[in-house]
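Residue numbers are given in the UniProt record's numbering: position 40 of the sequence shown equals residue 40, and the series is strictly consecutive.
For every residue, glycine included, the Cβ atom is placed at its ideal position computed from N, Cα and C.
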Amino acid sequence: MPTPTKGARLGGSPAHESLILKNLATSLFEHGRITTTQTRAKRLQPVAERLISKAKRGDLHNIRQIAKTVHNKTPRRPDEPGDANTILHRLITEIAPAMADRQGGYTRITKVGNRKGDNAPMAVIELVLEPVSPKQAVVREAEKAAKKSAPKAAAVEAPVEAPADEAVTEVAAEESAKQD
């Protein structure tokens, strides 16, 4: 008999935990945001982000891997009938292209307080569909470059300051000699 993995699982058995995560991922892609417990949201986030990364690649192998996880059902919206509007199709044709410029961080978890019945901490997990502005990306890259160069610049500036002080005192001495 194989030894089970350590730590608590959602729903008890490993099979039930994976089923819960598959259902949560399907609901997330169907509705765009779901309210669940913080623990489930934290466990769902890496699963959903991996699925979106696979959908962005878009080749047949990755689509089949996504199909193993996402339940391919039609949405519950009456205005979108037909098989072309399944959750899998929506993930590949709508969600993945919206995330094309984003390198990661496809989902966002927001804590919303505790549930009334059992006081369980709740959270909203949602897809981040806002486009990445190029200005933010440039600012972040500049901040990273400044952080990397700051220790190097401080080390380079320290020896340069001492000769600069001597040069200033020499210039001041020459000026005072000219005035006499």
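- DSSP places valine 128 in the coil class of the three-state scheme, outside both helix and strand.
- In the structure shown, the three-state DSSP call for asparagine 114 is strand.
- Secondary structure at arginine 102: coil, using DSSP grouped into helix, strand and coil.
- For isoleucine 92, no alpha helix (DSSP H) encloses it, and the DSSP letter there is neither H nor E.
- Rounded to the nearest whole angstrom, the CA to CA distance from aspartate 59 to glycine 117 is 45 Å.
- Taking proline 97 as reference, the option from Ala142, Lys56 and Ile109 with the minimal CA-CA separation is Lys56.
- Rounded to the nearest whole angstrom, the C-alpha separation of proline 131 and alanine 100 is 9 Å.
- Inclusion of alanine 146 and glutamine 38 in the CB contact set at 7 Å is not warranted, their separation being larger than that value.
- Comparing C-alpha distances from threonine 36 to each of Ile20, Leu88 and Ser149 shows the shortest one belongs to Ile20.
- In the three-state reduction of the DSSP assignment, alanine 67 falls in the helix class.
- Between isoleucine 66 and leucine 91, the beta carbon gap of about 7 Å places them in contact (Cβ cut-off 8 Å).
- Counting along the chain, the unbroken beta strand (DSSP E) around arginine 33 starts and ends at 33-37.
- Rounded to whole angstroms, histidine 89 and glutamine 45 show a C-alpha spacing of 20 Å.
- As the crow flies, the alpha-carbon of lysine 68 is around 11 Å from that of histidine 61.
- With contacts defined as CB atoms closer than 7 Å, arginine 43 and glutamate 126 fail to qualify as a contacting pair.
- When secondary structure is reduced to three states using DSSP, arginine 43 falls in the helix class.
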